[in-house]
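Peer 1:
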Amino acid sequence: MDKRQIGQTGVSLSRLGLGTVKFGRNAGVKYPAGFELPDDYTLTRLLSQAQALGISTLDTAPAYGTSEERLGNLLKGRRQDWTIIGKAGEEFENGKSRYNFSPAHFAESLERTLKRLQTDYLDVFLIHSDGSDNRILSDDKLIGKMQEFKKSGMVRAIGASTKTVEGGIKAIDIMDVVMMTYTQDHTEEKAVLDNAALEGKSVILKKALASGHNTDINGAMEFAFSHPGVDSVIIGTINTSHLQENAAAVARAISSRQIS
6 MDKRQIGQTG VSLSRLGLGT VKFGRNAGVK YPAGFELPDD YTLTRLLSQA QALGISTLDT
66 APAYGTSEER LGNLLKGRRQ DWTIIGKAGE EFENGKSRYN FSPAHFAESL ERTLKRLQTD
126 YLDVFLIHSD GSDNRILSDD KLIGKMQEFK KSGMVRAIGA STKTVEGGIK AIDIMDVVMM
186 TYTQDHTEEK AVLDNAALEG KSVILKKALA SGHNTDINGA MEFAFSHPGV DSVIIGTINT
246 SHLQENAAAV ARAISSRQIS
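Following our numbering, the numbering of the sequence shown begins with 6 at its first residue and continues without gaps.
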């Protein structure tokens, strides 16, 4: 599987990334069916298969329950093999999300994430927006703190996981990368992709399968990679068969686009 660079940061993203919500949280999620959290043996097999398929990007967050801690234990001695995307801003406690976008919280959250992951840096660090993108991204102190993290080497690339067109465009204007939604049923944010392509900024797609509600994997990946601005798609799974199917669909979509 080929990779895409995030600007001049030196960070590479595999075209398919593995989302890790299901590694650590099964409450308050929007998947079509409930599930038990997998044991370490299952996750070890999943991560080994991901590597074999050329998937080197992992996406996690404090809001994903015990995902960060579990990854820290599972990746011991292999941190250098992975590009890890982390976030701050959303916390999930007692069955509910709460948000804090203060610079002080981000500093505390990043330190906690690094400790949980048992590493001294994140490859990508994103603002985990609650939807009020413009307000959050207009906070010069927060953006300044994000830039400080990058200058210090604690993170290698910065960006935001956004929910609005205005927020997505602002994120690519002032940072390295944006994570956004773009599917057959949600094309409202296409302008963000268009702007990213023009500015040479990186885009990561989330919810490409509508949290598991879209079972047409091939169609979803064909659509996702039909736009040249898409660098990587994050899909979460704890099922090795699904992981194989996702990787095959991404490979077909990219090959089809290159041929055309």
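All residues carry an ideal CB built from backbone N, CA and C; glycine is no exception.
1. Please name the residue, chosen from Gly-91, Ser-102, Gly-172, that lies closest to Gly-22 on a Cα-to-Cα basis.
2. So, for Arg-75: in the same chain, excluding its five sequence neighbours on each side, which residues have a beta-carbon less than 6 Å away from its beta-carbon?
3. Consult DSSP for Tyr-46 and reduce its assignment to one of helix, strand or coil.
4. Could you give the first and the last residue of the continuous beta strand (DSSP E) run that contains Asp-138?
5. Let me know the secondary structure DSSP gives Ala-66 once reduced to three states.
6. Roughly how many whole angstroms lie between the Cα atoms of Ser-261 and Met-226?
7. Out of Ser-207, Lys-156, Ile-179, which one is the CA nearest neighbour of Asp-144?
8. Are the CB atoms of Asp-128 and Ile-89 within a distance shorter than 7 Å?
9. In three-state DSSP terms, what is Asp-125?
10. Arg-103 bridges to which residues according to DSSP?
11. Within the chosen definition, does the stretch 38-49 reach the stretch 59-69 through at least 3 CB pairs nearer than 8 Å?
12. Just to confirm, are Gly-173 and Met-159 a CB contact at a threshold of 7 Å?
13. Report all residues from its chain with a CB closer than 7 Å to the CB of Arg-84; omit the five preceding and five following residues, and keep chain order.
14. Rounded to the nearest angstrom, what separates Ser-17 and Asn-99 at their Cα positions?
15. Evaluate Leu-203 with the Cβ neighbour count: other Cβ atoms within 10 Å of its Cβ, from every protein chain shown; 16 or more gives buried, anything less gives exposed.
16. For the alpha helix (DSSP H) containing Gly-22, list its first residue and its last residue.
17. Kindly indicate which residue of Ser-246, Lys-101, Tyr-187 has the alpha-carbon position closest to the one of Thr-167.
18. Between Gln-10, Leu-119, Ala-109, which has its C-alpha nearest Ile-148's C-alpha?
19. Along the chain, where does the beta strand (DSSP E) containing Ser-166 start, and where does it finish?
20. Cα separation between Thr-192 and Lys-8?
21. Could you pull the start and end residues of the alpha helix (DSSP H) that Ser-72 belongs to?
22. Of the residues Phe-228, Phe-154, Gly-82, which one's Cα is nearest the Cα of Asp-190?
23. Using 7 Å as the threshold, is the C-beta distance between Phe-230 and Ala-258 below it?
24. Which residue wins for smallest C-alpha separation from Gly-82, given the options Gly-33, Ser-19, Leu-122, Arg-140?
25. Excluding the 5 residues preceding and the 5 following Trp-87 in the sequence, name in chain order all residues of the same chain whose CB lies nearer than 7 Å to its CB.
26. Have a look at the DSSP bridge pairing and note the partners of Gly-241.
27. So which of Lys-175, Ala-215, Glu-116, Lys-211 has the shortest CA-CA distance to Ala-201?
Peer 2: So, from the listed chains and residues:
1. In the sequence shown, counting from the first residue as 1, residue 22 sits at position 17. Here the closest residue by C-alpha is Gly-91.
2. Here residue 75 is taken as the residue at index 70 of the sequence shown, counted from 1. Once the five neighbours on either side are set aside, the close Cβ partners of Arg-75 are Phe-28, Gly-29.
3. Translated into positions along the sequence shown, residue 46 becomes position 41. The answer is helix: DSSP assigns Tyr-46 an H, G or I state.
4. Position 133 of the sequence shown, counted from the first residue, corresponds to residue 138. Where Asp-138 is concerned, there is no enclosing beta strand (DSSP E), although the alpha helix (DSSP H) it sits in stretches over 138-142.
5. Taking the sequence shown and counting its residues from 1, the one referred to as residue 66 is at position 61. Of the three classes helix, strand and coil, the one that applies to Ala-66 here is coil, per DSSP.
6. Start at 1 with the first residue of the sequence shown, and residue 261 comes out as number 256. Start at 1 with the first residue of the sequence shown, and residue 226 comes out as number 221. Going by the C-alpha atoms only, they are around 11 Å apart.
7. In the sequence shown, counting from the first residue as 1, residue 144 sits at position 139. With distances taken between Cα atoms, Asp-144 lies closest to Ile-179.
8. For this step, residue 89 is matched to residue 84 along the sequence shown. For this step, residue 128 is matched to residue 123 along the sequence shown. Contact: yes.
9. Here residue 125 refers to the residue found at position 120 of the sequence shown. Asp-125 falls in the coil class under three-state DSSP.
10. Within the sequence shown, the letter at position 98 stands for residue 103. Paired residues: Glu-96.
11. no
12. On the sequence shown, position 168 is the one that residue 173 refers to. On the sequence shown, position 154 is the one that residue 159 refers to. Going by C-beta atoms, Gly-173 is not nearer than 7 Å to Met-159.
13. The residue given as residue 84 occupies position 79 in the sequence shown. Counting only Cβ-Cβ distances below 7 Å, and skipping sequence neighbours, we find Thr-124.
14. Residue numbering aside, residue 17 sits at position 12 when the sequence shown is read from its first letter. Residue numbering aside, residue 99 sits at position 94 when the sequence shown is read from its first letter. Whole-angstrom Cα-Cα distance: 35 Å.
15. In the sequence shown, residue 203 corresponds to position 198, counting from 1. Leu-203 should be labelled exposed.
16. The residue you call residue 22 lines up with position 17 of the sequence shown. Segment 21-24 is the beta strand (DSSP E) holding Gly-22; no alpha helix (DSSP H) there.
17. Here the question's residue 167 lines up with position 162 in the sequence shown. Closest option to Thr-167, Cα to Cα, is Tyr-187.
18. In the sequence shown, residue 148 corresponds to position 143, counting from 1. Measuring from the Cα of Ile-148, the nearest candidate turns out to be Ala-109.
19. Mapped onto the sequence shown, residue 166 falls at position 161. 160-166 is the span of the beta strand (DSSP E), which, as asked, contains Ser-166.
20. Looking up residue 192 in the sequence shown gives position 187. Looking up residue 8 in the sequence shown gives position 3. Using only the alpha carbons, I get a separation of about 25 Å.
21. By 1-based counting over the sequence shown, the position of residue 72 is 67. Here the alpha helix (DSSP H) through Ser-72 covers 72-79.
22. For the purposes of this step, residue 190 is taken as residue 185 along the sequence shown, with counting starting at 1. Comparing Cα-Cα distances from Asp-190 to each of Phe-228, Phe-154, Gly-82, the minimum goes to Phe-228.
23. The residue labelled residue 230 in the question sits at position 225 within the sequence shown. The residue labelled residue 258 in the question sits at position 253 within the sequence shown. Cβ distance < 7 Å, so Phe-230 and Ala-258 count as in contact.
24. For the purposes of this step, residue 82 is taken as residue 77 along the sequence shown, with counting starting at 1. Measuring from the Cα of Gly-82, the nearest candidate turns out to be Leu-122.
25. Stepping through the sequence shown from its first residue, residue 87 is reached at position 82. Answer for Trp-87: Ser-61, Leu-63, Leu-80, listed in chain order.
26. Numbered from 1 along the sequence shown, position 236 holds the residue referred to as residue 241. Per DSSP, Gly-24.
27. The count along the sequence shown starts at 1 and reaches residue 201 at position 196. Among Lys-175, Ala-215, Glu-116, Lys-211, the Cα nearest to that of Ala-201 belongs to Lys-175.
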